[in-house]
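Residue numbers (the working numbering): 190 to 518.
This is how it looks when you write it as structure tokens:
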């Protein structure tokens, strides 16, 4: 009986193992492999977003400053002498009559020698409209026929357009700078007459219909009832614009402005100056938006060339009392 064959087992060397590892062996891809791969994936970081960092403002110093101002001690509420330092007393307010009298004292020949100079009241206005964050666009100037006429240094340049020959003759007699019929409209359209050549354009309703195409050129100077530049009676329009007193609006901020109105020369009687004020202020108050509580926020009286400003006590002004009371409630 033949002896059984013995098999010799050979163990792989390091060389064999290296060879086996380098060979590509086909592997069956299963769902287990996919699951394992997903769990090992890492998400990319999201793109950075510039976040606004709100910084809390420390208003401690501002509050303390205001508190200090309130607690500031004065020598008294009302100065006892005619001359005093403003730092020692709170802001002084006077009646309109007293403000005019004080300016008249400064205008005496021994001082400024300006009695023929004009005295003005200057009203600061809150120009917010009924719509939030919008400015009132109701007016840029106000014109009023005051009961006591006076001459101003400004002469208005008036232009008149009318289809009636009689109106053109009246305009010439009353001193209009430019007057005529539709030919004036054609010259404005072609540039023969510039909008800057006149301050105000007056017209009859019939003529205004014929020059409607000039509205983009004339803009605010286009004749209209609101500004009293459109009427069949040309003579009354010219009279109004030659004799009326005008106050122009000056914008200080987006929603704040001031209007400065001449009352008359300082040598005019105080009662007459106040009468002119009483005729003008109601026209200003008509421009107030409904939602604005306090339309006139401040009022001073000035008389150039003097730099002095006298503040009006609005709480005791008969015309401004309703406005002030409405603001306080």
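Ideal Cβ placement from N, Cα and C applies to all residues, glycine included.
Predicted model, so just to flag it, every value in this text is computed and none were measured.
What is the C-beta distance between residue 487 and residue 313, in whole angstroms, given that I count them as a contact (C-beta under 8 angstroms)?
Residue numbering aside, residue 487 sits at position 298 when the chain shown is read from its first letter. Residue numbering aside, residue 313 sits at position 124 when the chain shown is read from its first letter. Contact annotation, residue 487 with residue 313: C-beta distance approximately 4 angstroms; criterion of less than 8 angstroms satisfied.
What's the C-alpha gap between residue 345 and residue 381?
Here residue 345 refers to the residue found at position 156 of the chain shown. Here residue 381 refers to the residue found at position 192 of the chain shown. Between residue 345 and residue 381, the alpha-carbon positions lie close to 20 angstroms from each other.
Helix or strand or just coil, what does DSSP make of residue 360?
Along the chain shown, read from residue 1 onward, the residue named residue 360 stands at position 171. Here residue 360 sits in helix by DSSP.
Does DSSP put residue 311 in a helix, a strand or coil?
The sequence position of residue 311 within the chain shown is 122, counting from 1. DSSP, reduced to helix, strand and coil, places residue 311 within a strand of the structure shown.
By DSSP, does residue 305 sit in helix, in strand, or in coil?
Locating residue 305 in the chain shown gives position 116, counting from the first residue. Reduced to three states, the DSSP call for residue 305 is coil.
Span separating the alpha-carbon of residue 287 from that of residue 360:
Position 98 of the chain shown, counted from the first residue, corresponds to residue 287. Position 171 of the chain shown, counted from the first residue, corresponds to residue 360. For residue 287 and residue 360, the distance between alpha carbons rounds to 42 angstroms.
Quick check: the Cα distance between residue 281 and residue 495, rounded to an integer number of angstroms?
Position 92 of the chain shown, counting from 1, holds the residue named residue 281. Position 306 of the chain shown, counting from 1, holds the residue named residue 495. Across the structure, residue 281 and residue 495 are spaced so that their CA atoms are roughly 18 angstroms apart.
Counting only runs of 3+ residues fully inside the region 420-444, write out the beta strand (DSSP E) ranges in chain order.
As far as the region 420-444 is concerned, its whole beta strand (DSSP E) runs of at least 3 residues are 434-442.
Burial state of residue 447 (16 or more Cβ within 10 Å):
By one-based count along the chain shown, residue 447 stands at place 258. A residue is called buried when at least 16 other Cβ atoms come within 10 angstroms of its Cβ; residue 447 meets this threshold and is buried.
Take every Cβ of the region 459-473, pair it with every Cβ of the region 326-338, and state whether three or more of those distances are shorter than 8 angstroms.
The region 459-473 makes contact with the region 326-338: 3 or more CB pairs, one atom from each, lie closer than 8 angstroms.
Paired residues, beta bridge with residue 283 - DSSP
As a first step, residue 283 must be located in the chain shown, where it is residue number 94. According to DSSP, residue 283 bridges with 501.
Do you know how far the Cα of residue 302 is from the Cα of residue 296?
Numbered from its first residue, the chain shown carries residue 296 at position 107. Numbered from its first residue, the chain shown carries residue 302 at position 113. Going from the Cα of residue 296 to the Cα of residue 302 covers about 5 angstroms.
Proximity winner among 349, 435 and 365, relative to residue 374 (alpha-carbon distances):
Counting from one through the chain shown, the residue named residue 374 turns up at place 185. When C-alpha distances from residue 374 are compared across 349, 435 and 365, the shortest belongs to 349.
Take the Cβ of residue 354 as the centre, count every other Cβ of all protein chains shown within 10 Å, and call the residue buried at 16 or more, exposed below.
Within the chain shown, numbered from 1, the residue matching residue 354 stands at position 165. Per the 10 Å Cβ criterion, exposed.
Here's a check: name, in chain order, each residue in its chain whose Cβ is nearer than 8 angstroms to the Cβ of residue 402, leaving out the five neighbours to either side.
As a working mapping, residue 402 is identified with position 213 in the chain shown. The residues are 378.
Residues near residue 198 in its chain [Cβ-Cβ closer than 6 angstroms; skip 5 each side]
Along the chain shown, one-based indexing puts residue 198 at 9. At residue 198, the pLDDT of 49 sits below 50, so the modelled position is not reliable; the number obtained from the coordinates is stated separately. Sequence-distant Cβ neighbours of residue 198 in its own chain, meaning closer than 6 angstroms and more than five residues away, do not exist here.
Beta-carbon proximity check, residue 391 vs residue 347, cutoff 8 angstroms:
Residue 391 sits at position 202 when you count from the first residue of the chain shown. Residue 347 sits at position 158 when you count from the first residue of the chain shown. For the pair residue 391 and residue 347, the CB atoms are nearer than the 8 angstroms cut-off.
Where does the unbroken beta strand (DSSP E) through residue 488 begin, and where does it stop?
As a working mapping, residue 488 is identified with position 299 in the chain shown. Membership of residue 488 in the beta strand (DSSP E) is indicated by the continuous run 485-491.
Per DSSP, which one or two residues make a beta bridge with residue 396?
Working through the chain shown from its first residue, we reach residue 396 at position 207. As far as DSSP is concerned, residue 396 takes part in no beta bridge.
What is the C-beta distance between residue 367 and residue 387, in whole angstroms, given that I count them as a contact (C-beta under 8 angstroms)?
Stepping through the chain shown from its first residue, residue 367 is reached at position 178. Stepping through the chain shown from its first residue, residue 387 is reached at position 198. Between the beta-carbon of residue 367 and that of residue 387 there is about 6 angstroms, and that keeps the pair under the 8 angstroms contact cut.
With hydrogens ignored, establish whether the beta-carbon of residue 414 is closer than 7 angstroms to any heavy atom of the ligand ADP.
Absence of the ligand ADP is noted for the structure shown, with no ligands found whatsoever.
In three-state terms, what does DSSP make of residue 373?
Indexing the chain shown from 1 puts residue 373 at position 184. The answer is helix: DSSP assigns residue 373 an H, G or I state.
Hey, would you say residue 501 sits closer than 8 angstroms to residue 489, going by beta carbons?
Residue mapping note: residue 501 aligns to position 312 of the chain shown, counting from 1. Residue mapping note: residue 489 aligns to position 300 of the chain shown, counting from 1. The answer is yes: Cβ separation under 8 angstroms.
Can you look up residue 267 in the DSSP assignment and give me helix, strand or coil?
Within the chain shown, the letter at position 78 stands for residue 267. Coil.
Quickly, what does DSSP pair residue 367 with across the bridge? List them, please.
Along the chain shown, one-based indexing puts residue 367 at 178. In the DSSP output, where bridge partners are listed per residue, residue 367 has 348.
Expressed to the nearest angstrom, what Euclidean distance is found between the alpha-carbon atoms of residue 419 and residue 298?
Looking up residue 419 in the chain shown gives position 230. Looking up residue 298 in the chain shown gives position 109. Whole-angstrom Cα-Cα distance: 45 angstroms.
Candidates 268, 383, 309 and 479: which alpha carbon is nearest residue 290's?
On the chain shown, position 101 is the one that residue 290 refers to. Nearest option by C-alpha distance: 309.
Beta strand (DSSP E) segment containing residue 330, residue limits
For the purposes of this step, residue 330 is taken as the residue at position 141 of the chain shown. From DSSP, the beta strand (DSSP E) with residue 330 extends over 330-333.
Identified DSSP bridge partners for residue 453
One-based indexing of the chain shown puts residue 453 at position 264. In DSSP, residue 453 forms a bridge with 308.
Given a cut-off of 8 angstroms, decide if residue 279 and residue 271 are closer than it, judged by their beta-carbon atoms.
Numbered from its first residue, the chain shown carries residue 271 at position 82. Numbered from its first residue, the chain shown carries residue 279 at position 90. Taking 8 angstroms as the cut-off, the Cβ atoms of residue 271 and residue 279 do not count as close.
Assign residue 471 to buried or exposed, taking buried as 16 or more other Cβ atoms, counted over all protein chains shown, within 10 Å of its Cβ.
Residue 471 sits at position 282 when you count from the first residue of the chain shown. Taking every protein chain shown into account, the CB of residue 471 has fewer than 16 other CB atoms within 10 angstroms, so this residue is exposed.
Starting from residue 472, trace the alpha helix (DSSP H) in both directions and tell me its first and last residue.
On the chain shown, position 283 is the one that residue 472 refers to. For residue 472, the uninterrupted alpha helix (DSSP H) run begins and ends at 459-474, by DSSP.
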